[in-house]
Amino acid sequence: MKFQKALLPSIFFSLLAFPLLACAQGTGRTELLILNKNEAKMVIVDAATLEKVGEVPTGDFPHEVAVSADGKTAYVANYGAQQPNNSISVIDIPGRKEIKRIDLGGFYRPHGIAVVDGKVFFTSESSRTVARLDPQTEKIDWVMGTGQTATHMLAITPDGGRLYTANIASDTVTSINLKGPPSPANIKQIAVGRQPEAIDVSPNGKEVWVGQNGDGKISIIDPATDQVKESIEVGKVPIRVKFTPDGKYVLVSDASSGELVVVDAATRKEVKRASVGGVPVGILVQPDTKRAYVALTQLDTVKVFDMETMEFIKDLKPGDNPDGLGWAAY
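Position 9 of the sequence shown, counted from 1, bears residue number 8 in numbering that gives the first Met the number 0, the numbering being contiguous throughout.
This is the structure:
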């Protein structure tokens, strides 16, 4: 009996601690985020069932989305359609609601977006800059002008030390050292091919791949030197490139042929070329590398690609004009 009495308090406190532990460990939910540009909303899809579980309004014509480290907050770049927009939507993913829409002032046409240490980096096409937003204060606390035209997509090295932008109308990539202040000493322009738009950094941080819409080539930059070390040809309009998280493959959306191209990152050889039946744009690969998702804006479809069989297995119908994709795990 004494043993039972002694045991009761420990059981009681264990039960109290269990929900706290569960909260600390997260819910185990994984969700695909899809931006519908024409409808100005973010659609949420359960990654396990591939069923729609929610949608949240955004600003006008949202293009790209970035997610906080804890997987609970989405930051959406509201690019604008006919009229340039200048806002970022902050979305509570588990709560399925827009918390706030932050006015970016003179930074119109925000597009490429990424989160580093809780701060949000984004490109502003209209002002030809890269800026950093502090979501807590809702203030811009860092700005670097690129001096280039159509500064569009961005990518950041895994250590958060360097940022790259693709400048479509200048035929350049801008390299910015984030470890120093925003000054001319910490920026470099890298000449690439015609109309660079797609850009991604390898998971090991040793390569930057840049897709060029104007000549069908992909320039491969060495971040150690910020020089183009190689150029390969993959299709005609490689509008998006995306490394798999294990670094083994690079997925390429060829907007001209209507194909998803899988390239071996080490050998630079094509592994698979799969027809999507439309114009592929946005690409996302799950963290476990088991599936990839490809947005077909004109067909209002996101196709699900099995990375093991290298085949498309399902079509999602999220809404009107899907493009930017994100991943939330919480």
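We treat Cβ as the ideally placed atom computed from N, Cα and C, and that holds for glycine.
Quick caveat, the model's predicted, so the values are computed rather than measured.
L298 by DSSP, collapsed to three states: which one?
-> What you label residue 298 is simply residue 299 of the sequence shown in a count that begins at 1. Looking at L298 - three-state DSSP - the assignment turns out to be helix.
Going by C-alpha distance, which of A76, S123, D322 and V303 is nearest T48?
-> The count along the sequence shown starts at 1 and reaches residue 48 at position 49. The shortest Cα separation from T48 among A76, S123, D322 and V303 belongs to V303.
Could you give the residue range of the beta strand (DSSP E) that holds M152?
-> Counting from one through the sequence shown, the residue named residue 152 turns up at place 153. Segment T150 to I155, the beta strand (DSSP E) holding M152.
Roughly how many angstroms lie between the CA atoms of Y329 and E196, to the nearest whole one?
-> As a working note, residue 329 is residue 330 in the sequence shown. As a working note, residue 196 is residue 197 in the sequence shown. Rounded to the nearest angstrom, the two C-alpha atoms are 31 Å apart.
Would you kindly check if the distance between the Cβ of G257 and the Cβ of G323 is under 8 Å?
-> In the sequence shown, counting from the first residue as 1, residue 323 sits at position 324. In the sequence shown, counting from the first residue as 1, residue 257 sits at position 258. No, these two residues do not count as a Cβ contact at 8 Å.
Span of the beta strand (DSSP E), counted from its first residue to its last, around N85 | Looking up residue 85 in the sequence shown gives position 86. Neither: N85 is in no beta strand (DSSP E) and is coded neither H nor E.
Separation of A76 from I98, as counted between CA atoms | For the purposes of this step, residue 98 is taken as the residue at position 99 of the sequence shown. For the purposes of this step, residue 76 is taken as the residue at position 77 of the sequence shown. In a straight line, the C-alpha of I98 is about 14 Å away from that of A76.
G104, buried or exposed, once every other Cβ within 10 Å from all chains shown has been counted against 16 = By one-based count along the sequence shown, residue 104 stands at place 105. When all chains shown are included, G104 counts as exposed.
Since G146 sits in a beta bridge, which residues does DSSP pair it with?
-> Stepping through the sequence shown from its first residue, residue 146 is reached at position 147. Answer by DSSP bridge pairing: none, since G146 is not bridged.
Report the residue from G25, T26 and E54 whose alpha carbon sits nearest the alpha carbon of L32.
-> Translated into the one-based positions of the sequence shown, residue 32 becomes position 33. Comparing Cα positions, the closest option is E54.
Can you tell me whether S274 is buried or exposed, with buried defined as 16 or more other CB within 10 angstroms of its CB?
-> Position 275 of the sequence shown, counted from the first residue, corresponds to residue 274. With fewer than 16 Cβ atoms within 10 Å of its Cβ, S274 is classed as exposed.
Who are the near neighbours of D116 in its chain, counting only those whose CB is closer than 8 Å to its CB and skipping five residues on each side?
-> By 1-based counting over the sequence shown, the position of residue 116 is 117. Answer for D116: G159, listed in chain order.
Keeping to the same chain, check which residues put their C-beta closer than 6 Å to that of A184; ignore five residues upstream and five downstream.
-> By one-based count along the sequence shown, residue 184 stands at place 185. The answer is none, since no qualifying residue turns up.
Contacting residues, own chain, Cβ-Cβ under 7 Å from E38 (five flanking each side not counted) = Along the sequence shown, read from residue 1 onward, the residue named residue 38 stands at position 39. So the qualifying residues of the chain are G318 and D319.
So L103 is in the beta strand (DSSP E); what residue range does that whole segment cover?
-> Translated into the one-based positions of the sequence shown, residue 103 becomes position 104. Where L103 is concerned, there is no enclosing beta strand (DSSP E), given that its DSSP letter is neither H nor E.
Taking Cβ positions, are G234 and V261 nearer each other than 8 Å?
-> Locating residue 234 in the sequence shown gives position 235, where the first residue counts as 1. Locating residue 261 in the sequence shown gives position 262, where the first residue counts as 1. Not a contact, by the Cβ cut-off of 8 Å.
What are the boundary residues of the beta strand (DSSP E) that G281 is part of?
-> Along the sequence shown, one-based indexing puts residue 281 at 282. Taken as a continuous stretch (DSSP letters only), the beta strand (DSSP E) holding G281 covers P279 to V284.
Whose C-beta lies closer than 7 Å to the C-beta of R100 among residues of the same chain, with five residues either side of it excluded?
-> By one-based count along the sequence shown, residue 100 stands at place 101. The answer, listed in chain order, is G58, S86 and S88.
Per DSSP, cross-strand counterpart(s) of D305 = Stepping through the sequence shown from its first residue, residue 305 is reached at position 306. DSSP output for D305 lists R290 and E310 as bridge partner(s).
Starting from G111, trace the beta strand (DSSP E) both ways and give me its first and last residue.
-> Within the sequence shown, numbered from 1, the residue matching residue 111 stands at position 112. Segment P109 to V115, the beta strand (DSSP E) holding G111.
Straight-line gap, P93 to T266 (C-alpha atoms, nearest Å) | Taking the first residue of the sequence shown as 1, we reach residue 93 at position 94. Taking the first residue of the sequence shown as 1, we reach residue 266 at position 267. Going from the Cα of P93 to the Cα of T266 covers about 41 Å.
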